[in-house]
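Quick note on numbering: the sequence shown equals residues 75 to 290 in the working numbering. Quick reminder that beta carbons are idealized off the backbone N, C-alpha and C, glycines included. Contents: one structure, followed by commentary.
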Amino acid sequence: MRKILLLIISCVSFCTMPVQAQFNTIAKTPERYKVEALQEGMKKQEPTPESAAPVQETSVKSADKRKQSWIDRYLSVSYPLQRIRITSPYGYRKDPFTGKRKFHGGIDLHARGEQALAMMEGVVVKVGQDKTSGKYVTLRHGNYTVSYCHLSRVLTEKGRVVHPRDVVGITGSTGRSTGEHLHITCKLNGKSVNPSVLFDYIKSMQQECVSALARL
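And the structure:
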């Protein structure tokens with residue numbers, strides 16, 4: 075009987091030990107929970123691939139916008155012909171008809187049945203034909219007016235809005251001309267100026283854009 079009682083007491087004591095251990099573990103749970111909660115909070119602050127993606131995407135979009143801005147600026151100007159070769163500059167020269175010294179109020183460009191292009195955004199303010207200029211088109215670009223003369227065909231009309239590289243006519247030899255070419259005159263606030271001013275502006279604008287794009 076005593077042996078049985080001793081055996082029962084031993085079993086009870088053995089069985090109560092895990093209970094005490096389990097109780098101690100439960101008592102430490104709040105501290106463990108605080109650590110886990112803090113770690114969980116830190117994890118939430120760390121950027122995940124999903125949260126980081128919009129930042130990278132925004133950076134890419136910003137770069138694309140800068141690139142597109144320079145491209146648009148490059149395309150905002152254009153030379154009047156695909157190839158520019160000046161055959162007679164602005165200023166005094168020997169008149170090809172009389173041989174006398176006379177002021178040449180424009181620039182002659184080599185051209186053979188080529189498309190005459192608008193150099194900038196503007197408006198067609200005049201379309202006509204006379205004995206001197208032949209068939210011509212006059213465009214207004216802000217304070218500048220530019221005329222394309224000796225055309226064989228006019229491909230626009232008065233009042234039309236034009237953009238860079240829009241075709242306004244086809245070069246020819248109409249009017250007072252010794253051969254086919256494109257004669258361009260330019261006026262600033264109504265006063266004659268050298269059209270090369272616009273050519274220089276176009277050149278510097280496009281060079282600036284090319285350099286900026288190369289740096290991106």
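- With a cutoff of 9 Å on beta-carbon distance, Ser247 and Ser226 are scored as near each other.
- Using a Cβ distance threshold of 9 Å, Pro238 and Leu155 do not count as a contacting pair.
- In the structure shown, Phe273 adopts helical secondary structure according to DSSP, grouped into three states.
- Shown here for Leu287: same chain residues with a beta carbon closer than 6 Å to its own, the five before and five after excluded, namely Trp144 in chain order.
- Inside the segment 235–281, DSSP marks whole beta strand (DSSP E) runs of 3 or more residues at positions 241–245, 256–262 and 265–267, from first to last along the chain.
- The beta carbon of Val242 lies closer than 8 Å to those of Ala190, Leu191, Ala192, Val198, Val211, Leu213, Tyr222, Val228, Leu229, Thr230 and Val236 in the same chain, with the five residues before and after it left out.
- It is roughly 35 Å from the alpha-carbon of Asn263 to the alpha-carbon of Lys139.
- With respect to the 9 Å criterion, Arg186 and Glu254 are classified as neighbours on the basis of their beta carbons.
- Around Tyr153, the same chain offers Leu191, Met193, Phe273 and Ile276 as residues with beta carbons nearer than 8 Å, after the five sequence neighbours per side are excluded.
- In this chain, the beta strand (DSSP E) harbouring Gly196 covers Gly196 to Asp204.
- Taking every protein chain shown into account, the CB of Leu290 has fewer than 16 other CB atoms within 10 angstroms, so this residue is exposed.
- Beta-bridge annotation (DSSP): Gln142 is not paired with any residue.
- The beta strand (DSSP E) runs lying completely inside the segment 155–230 and spanning 3 residues or more are 160–162, 165–168, 175–178, 181–183, 189–191, 196–204, 208–215 and 218–228, given in chain order.
- Sequence-distant partners of Gly180 (beyond 5 residues in either direction) whose C-beta falls short of 7 Å from its own C-beta, in its chain, are Tyr164, His257, Ile258, Thr259 and Pro269.
- In the three-state scheme derived from DSSP, where H, G and I count as helix and E and B as strand, Tyr153 is classed as coil.
- About 23 Å separates the beta carbons of Gly249 and His215, which is beyond the 8 Å limit, so they are not a contact pair.
- Taking a C-beta distance under 9 Å as the contact criterion, His184 and Arg157 qualify as a contact pair.
- Contact between Lys176 and Asp169 holds, since their C-beta atoms are separated by about 4 Å, short of 8 Å.
- Taking C-beta atoms under 8 Å as the contact rule, Thr219 and Lys261 qualify, at a distance of about 5 Å.
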